[in-house]
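Numbering of the sequence shown is given in our numbering, commencing with residue 15 and proceeding in unit increments.
The beta-carbon is built from N, C-alpha and C at its ideal position, and this holds for glycine as well.
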Amino acid sequence: MNLFRFRVHALKAMLPALAVALALAGCSFVQMGYNQLDRLIAWRLDDYLPMYSAQRAEVEPAVTRLVDWHCATQLPAYSAWLRTVDADMRAGLSVARANVHIDQALGFGHDIARRAAREVGPLMVGATPAQIETFNKRMKKSNRDYVEDWVEPPRDELVRERAKRMKKRSEAWLGKLTPAQLALIDDWARDVRSNGEDGMESRRRWQTALADVLARRNADRGAVISDLETLFVSPGNVFTPGYSAAFDANRARAAEALSALSASLTPTQRKHLQREAASLIADIEQIACRRSEFSLQARS
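Dropping the structure here:
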């Protein structure tokens, strides 16, 4: 498994990172659906931890504040980041610069996690036994899917699927790939370190820690926020040593592959990338944020 996905999964368990996914989706839904994002997040939260009416009445406004903050303060950062990545990829991306961009991308998720921990997290704490039971059932289903996708298939099949997905994503951004680029992606897919058992144990540890926080009664708000921030921003604290080592190795290999892919771009691919990046940036910048305290602060 590409271990960057675990951190995405960790954030998506409470769904604030869905904002990043929509902001970077690059389709008409970005513009049409963004201001409905608070409803979608609340609905997905309810799927993981069914809320009673009084709880929902507090959570929904908090989610709206989270989305308003994200729209006013984070979307401009995404546009700036995309412009820089596009320029660097077309000019020749060094491994060092690739690592900078990876840090920034992960940082976007961290910023959302911290904000969600403060705005929404405390309102979800104090879950009833029935709510925790539903949460655990949802996680067990997610774990079964993980086993089917990442533990049971033979390594060769995982490598092929990983390469297939990356080729499809790369072609969307660059156009038709050259034989050398296809080989580069195949090499990267083979080099990704993947240990299904370590991944499964790390997931269980993280899920158990989250359930423990959600089940607290009369908990100190500051302690809850701190513990949720740690779980969402630094899930590696509960990973197995093997999983943490694999994450670091895969991150380093991803930076190398991005640099090599950048160096291999043809003039036609550079133009294709520029068009795709410009289109996505335009979509993001056309999103109209609702009038809120955050939008007013952003303008001042």
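CB-CB length for Arg97 against Gln288, believed under 8 Å: Taking the first residue of the sequence shown as position 1, residue 97 is located at position 83. Taking the first residue of the sequence shown as position 1, residue 288 is located at position 274. Actually they do not touch by this definition, with Cβ atoms about 10 Å apart.
Proximity of Asp100 and Ala291 at Cβ, strictly below 8 Å: Stepping through the sequence shown from its first residue, residue 100 is reached at position 86. Stepping through the sequence shown from its first residue, residue 291 is reached at position 277. Yes. Within cutoff.
Nearest by alpha-carbon distance to His115: which of Asp102, Ala277, Lys178, Glu211 is it? Residue numbering aside, residue 115 sits at position 101 when the sequence shown is read from its first letter. Nearest of Asp102, Ala277, Lys178, Glu211 to His115, Cα basis: Asp102.
So which of Val252, Pro90, Lys182, Ala71 has the shortest CA-CA distance to Ser329? Outside the displayed span of the chain (15 to 314) sits residue 329, for which this structure offers no information.
Might you give, ordered along the chain, the residues of its own chain that have their beta carbon closer than 8 Å to the beta carbon of Val73, omitting 5 neighbours on each side? In the sequence shown, the residue the question calls residue 73 occupies position 59. So the qualifying residues of the chain are Ala56, Leu59, Met65, Val134, Leu137, Met138.
According to the Cβ coordinates, are Leu196 and Lys181 closer than 8 Å? What you label residue 196 is simply residue 182 of the sequence shown in a count that begins at 1. What you label residue 181 is simply residue 167 of the sequence shown in a count that begins at 1. Yes. Within cutoff.
Residue from Ser258, Ala237, Asp205 whose Cα sits closest to the Cα of Asp212: Here residue 212 corresponds to residue number 198 of the sequence shown, with the count starting at 1. When only C-alpha atoms are compared, the closest one is Ser258.
Verify whether the separation of the beta carbon atoms of Asp82 and Ser306 is less than 8 Å. Working through the sequence shown from its first residue, we reach residue 82 at position 68. Working through the sequence shown from its first residue, we reach residue 306 at position 292. Closer than 8 Å, so yes.
Start and end of the alpha helix (DSSP H) containing Ser67? Translated into the one-based positions of the sequence shown, residue 67 becomes position 53. Unbroken alpha helix (DSSP H) run through Ser67: 67–87.
Kindly indicate which three-state DSSP category Ala259 falls into: helix, strand or coil? Numbered from its first residue, the sequence shown carries residue 259 at position 245. Three-state result, Ala259: helix.
Please report the distance separating the alpha-carbon of Cys303 from that of Gly236. Within the sequence shown, numbered from 1, the residue matching residue 303 stands at position 289. Within the sequence shown, numbered from 1, the residue matching residue 236 stands at position 222. Straight-line Cα distance between these residues: approximately 30 Å.
Does DSSP classify Lys155 as helix, strand or coil? For this step, residue 155 is matched to residue 141 along the sequence shown. In the structure shown, Lys155 sits in a helix (DSSP, three-state: H, G or I).
If you drop the 5 nearest sequence neighbours on each side, which residues of the same chain put their C-beta closer than 7 Å to that of Ala39? Taking the first residue of the sequence shown as position 1, residue 39 is located at position 25. Low confidence applies here, because Ala39 scores a pLDDT of 40, under 50, leaving its location unreliable; read the following figure in that light. Here the set comprises nothing.
Would you mind stating whether Ile146 and Ala225 have Cβ atoms separated by less than 8 Å? Against the sequence shown, residue 146 aligns to sequence position 132. Against the sequence shown, residue 225 aligns to sequence position 211. The answer is yes: Cβ separation under 8 Å.
Within its chain, find whatever has a CB closer than 6 Å to the CB of Pro143; leave out the 5 residues flanking it on each side and keep chain order. On the sequence shown, position 129 is the one that residue 143 refers to. Result list for Pro143: empty, nothing under 6 Å.
Alpha carbon to alpha carbon, what distance is there between Leu294 and Cys41? Taking the first residue of the sequence shown as position 1, residue 41 is located at position 27. Taking the first residue of the sequence shown as position 1, residue 294 is located at position 280. For Cys41, the predicted model reports a pLDDT of 41, less than 50, meaning its position is unreliable; a value from the coordinates is still stated below. Their Cα atoms are separated by approximately 8 Å.
Residue of Gly123, Ile199, Leu191 minimising C-alpha distance to Thr282: Sequence index remark: in the sequence shown, residue 282 carries index 268 (1-based). When each option's Cα is compared against that of Thr282, the closest is Leu191.
Is Pro168 helix, strand or coil by DSSP? Numbered from its first residue, the sequence shown carries residue 168 at position 154. Note: Pro168 maps to coil in three-state DSSP.
Just the C-alpha distance for Gln69 and Ala76, rounded to the nearest angstrom, thanks. Translated into the one-based positions of the sequence shown, residue 69 becomes position 55. Translated into the one-based positions of the sequence shown, residue 76 becomes position 62. Going by the C-alpha atoms only, they are around 11 Å apart.
Going by DSSP in three states, Thr192 sits in which element: helix, strand or coil? As a first step, residue 192 must be located in the sequence shown, where it is residue number 178. Three-state result, Thr192: coil.
Note the first and the last residue of the continuous alpha helix (DSSP H) segment covering Gly123. In the sequence shown, the residue the question calls residue 123 occupies position 109. Counting along the chain, the alpha helix (DSSP H) containing Gly123 begins and ends at 109–133.
Let me know if Gln300 comes out buried or exposed under the rule of 16 or more other beta-carbons within 10 Å of its beta-carbon. To locate residue 300, count along the sequence shown from 1; it is residue 286. Per the 10 Å Cβ criterion, exposed.
Considering only residues of the same chain and omitting the five flanking positions on each side of Asn209, which have a CB-CB separation below 8 Å? The residue given as residue 209 occupies position 195 in the sequence shown. Correct list, in chain order: Gly256, Tyr257, Ala260.
Beta-carbon separation of Leu228 and Leu63 under 8 Å? Within the sequence shown, residue 228 is the residue found at index 214, counting from 1. Within the sequence shown, residue 63 is the residue found at index 49, counting from 1. Yes, the pair counts as a contact, with Cβ atoms nearer than the cut-off.
Tell me whether Gly140 sits in a helix, a strand or coil according to DSSP, three-state version. Taking the first residue of the sequence shown as position 1, residue 140 is located at position 126. Three-state result, Gly140: coil.
Would you check if the distance between the CB atom of Ser278 and the CB atom of Ala194 is smaller than 8 Å? Numbered from its first residue, the sequence shown carries residue 278 at position 264. Numbered from its first residue, the sequence shown carries residue 194 at position 180. Yes, Cβ-Cβ distance for Ser278 and Ala194 is below 8 Å.
Apart from the five residues on each side of it in sequence, which residues of its chain come closer than 6 Å, Cβ to Cβ, to Arg230? Sequence index remark: in the sequence shown, residue 230 carries index 216 (1-based). These residues qualify, in order along the chain: Val139.
What residue from Asn150, Asn113, Glu162 has the CA that sits closest to Asn264's CA? Taking the sequence shown and counting its residues from 1, one reaches residue 264 at position 250. Of Asn150, Asn113, Glu162, the residue nearest in Cα terms is Asn113.
Check for me: the alpha helix (DSSP H) holding Ser293 runs from which residue to which? Numbered from its first residue, the sequence shown carries residue 293 at position 279. Start and end: 281–299.
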